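Input: a single structure, listed below in structure tokens.
Residue numbers (the working numbering), protein chains in the order written: chain A, 402 to 509; chain B, 2 to 85.
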């Protein structure tokens, strides 16, 4: 478990926008993951993803890493931002764009 | 699966005085949309607000009585502004 958490920590910190999801952006395996991808894509910023279904250790590890019970999970600039609901809410409030732009260095 | 009454009473214990509205998303009793309004959310960020609800329903989620939970949290002031 320690190794998994270390791998997760490295990925979260080395990718400005990191999404842990079920499936892949083109073939999401869950509606919440699909919706989160859709929101992130709407901003045109690059983001990395990892499919938790490919590795049960990552699927459990990511929940422990953030102490958050569900997937998807979005990390921006190394910080846990939330799951589908929170990302959707931030998107609607207009708070997500500045966070993404600041992290990826794109002008708003 | 779980009944709406069970969800409600569990949440009310953790968040006394909360307004709780819910919707069974699939009719199967294990995919829920929850709207929770509580003064305990004041001054807290969304992650913290969601954590409070998730924590209250931890057992129900762990044993899969609740399989999926879509959550919206509001302070009483935010809720009032929505005109609900």
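We treat Cβ as the ideally placed atom computed from N, Cα and C, and that holds for glycine.
These numbers were taken from a predicted model, which means no experiment stands behind them.
- Within chain A, the residues whose beta carbon sits less than 9 Å from that of residue 72 of chain B are 484, 486, 487, listed in sequence order.
- Between the segment 6 to 15 of chain B and the segment 45 to 57 of chain B, the count of C-beta pairs closer than 8 Å reaches three or more; the two stretches touch.
- Counting C-beta pairs with one atom in each stretch, the segment 432 to 451 of chain A and the segment 482 to 498 of chain A have three or more that are closer than 8 Å, which means they touch.
- In this structure the segment 405 to 419 of chain A lies against the segment 468 to 478 of chain A, because at least three pairs of beta carbons, one per stretch, are closer than 8 Å.
- Counting along the chain, residue 500 of chain A sits inside the alpha helix (DSSP H) bounded by residues 497 to 505.
- For the 8 Å CB-CB criterion, residue 37 of chain B and residue 21 of chain B form a contact.
- Distance between residue 455 of chain A and residue 421 of chain A, taken at the CA atoms: about 11 Å.
- Rounded to the nearest angstrom, the gap between the Cα atoms of residue 469 of chain A and residue 419 of chain A is 15 Å.
- Using beta-carbon distances, residue 47 of chain B counts as an interface residue toward chain A, with a partner under 8 Å.
- Per DSSP, the continuous beta strand (DSSP E) segment holding residue 481 of chain A begins and ends at 480 to 483.
- Scanning chain A for C-beta atoms nearer than 9 Å to the C-beta of residue 51 of chain B yields 469, 483, 484, 486, 487, reported in chain order.
- Contact between residue 41 of chain B and residue 16 of chain B holds, since their C-beta atoms are separated by about 5 Å, short of 8 Å.
- Look at residue 58 of chain B here: in three-state DSSP terms it is coil, with no helix or strand label.
- In the structure shown, residue 41 of chain B falls within a helical segment according to DSSP collapsed to helix, strand and coil.
- When beta bridges are read from the DSSP output, residue 449 of chain A appears opposite A:419.
- One thing to note: residue 30 of chain B has its Cβ no nearer than 8 Å to the Cβ of residue 62 of chain B.
- By the Cβ-count criterion, residue 82 of chain B is exposed, with fewer than 16 other Cβ atoms from all chains shown falling within 10 Å of its own Cβ.
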